[in-house]
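Reading through the structure tokens given below for one structure.
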Amino acid sequence: MRKQALDTFKHQISLCTAYQAKMITTETGSLTTGYTPKNFTEEAYQIAQNSVMQIVEEAEKFGITVAIEGGINHPLSSYQLAKRLIHEVASSNLKLILDCANFINLKKHGEQEMLVHHALEELGPHLAAVHLKDYIVKNKAIHIVPVGQGCLDFRPLLHFLKVNRPFLYATLEAIPEKDVPQVMNHLESLYQIC
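Structure follows, in structure tokens:
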């Protein structure tokens with residue numbers, strides 16, 4: 530199944546030039562369908578790293594950038610592993626997508642400020658984009674909500690974008706269309722004071 534997925538992704542890389550796309554994005558996925566604790570093993574990281582090396586090698590042939598997004602339930606489950614991947618693959622054709630909410634779980638919820646600070650500090654130069662989404666803790670679980678309706682403090686992220694990477698892509702995620710105007714107003718007001 531992994532080989533088939535890699536072959537499909539490599540084919541998609543080859544199509545990027547036809548669409549004048551310079552970047553293609555993906556996540557590392559999971560060792561199995563859905564969540565498994567095996568995703569947090571060194572073996573899972575090595576499998577993901579090998580897969581990323583294969584797709585980046587293909588991307589280099591076409592001058593395409595591959596941007597990988599990590600997530601708390603994936604083999605790339607922390608900003609530290611994302612940085613490790615960047616250094617081990619060592620290709621200018623590999624970048625990262627940072628979604629701070631993706632690295633939050635119940636344990637890390639209380640460490641949000643430190644996590645965001647370190648992720649930006651460590652990954653900043655390697656970012657191709659950031660995803661903006663929010664979360665709440667409800668019934669002992671993390672639930673994604675529209676930006677501004679949750680716990681994530683977007684000020685450090687917006688300050689980073691404004692001061693350090695003003696032309697970096699930033700996209701909204703998990704926001705119902707009806708909430709977009711309110712979310713945009715919230716982000717614009719925060720951006721002005723950052």
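Heads up: the sequence shown begins at 530 in this note's numbering, then just goes up one per residue.
All residues carry an ideal CB built from backbone N, CA and C; glycine is no exception.
The alpha-carbon of F538 is positioned some 12 Å away from that of T557. Counting the other CB atoms within 10 Å of its CB gives D536 a total below 16, which places it among the exposed residues.
Beta-carbon to beta-carbon, I615 and H655 are separated by about 5 Å, close enough to satisfy the 8 Å threshold. In the pairwise beta carbon analysis, the region 639–659 is classified as touching the region 689–698: at least three pairs are separated by under 8 Å.
The straight-line gap separating the alpha-carbon atoms of P566 and A550 is approximately 35 Å.
In the DSSP assignment, M552 is bridged to T594. Membership of K539 in the alpha helix (DSSP H) is indicated by the continuous run R531 to L544. For T700, the beta-bridge partners assigned by DSSP are H660. Just so you know, the alpha carbons of V581 and V618 end up roughly 8 Å apart. The beta-bridge partner set that DSSP reports for V666 consists of I671. Taking a C-beta distance under 8 Å as the contact criterion, K691 and I673 do not qualify as a contact pair. Contact between V676 and H715 is confirmed by a C-beta separation of about 6 Å, below the 8 Å threshold. G639 is classed as exposed because its beta carbon has fewer than 16 other beta carbons within 10 Å across all chains shown.
In the three-state reduction of the DSSP assignment, I633 falls in the coil class, being assigned neither a helical nor a strand state.
According to the DSSP assignment, K624 belongs to the beta strand (DSSP E) that extends over L623 to L627.
When secondary structure is reduced to three states using DSSP, L652 falls in the helix class. Ranked by Cα distance from I626, the options M643, F569 and M552 are led by M552. Per DSSP, Q678 lies in no alpha helix (DSSP H) and is assigned neither H nor E. Taking Y574 as the centre and dropping the five residues before and after it, the same chain places the C-beta of P604 and L610 closer than 7 Å to its C-beta, in chain order.
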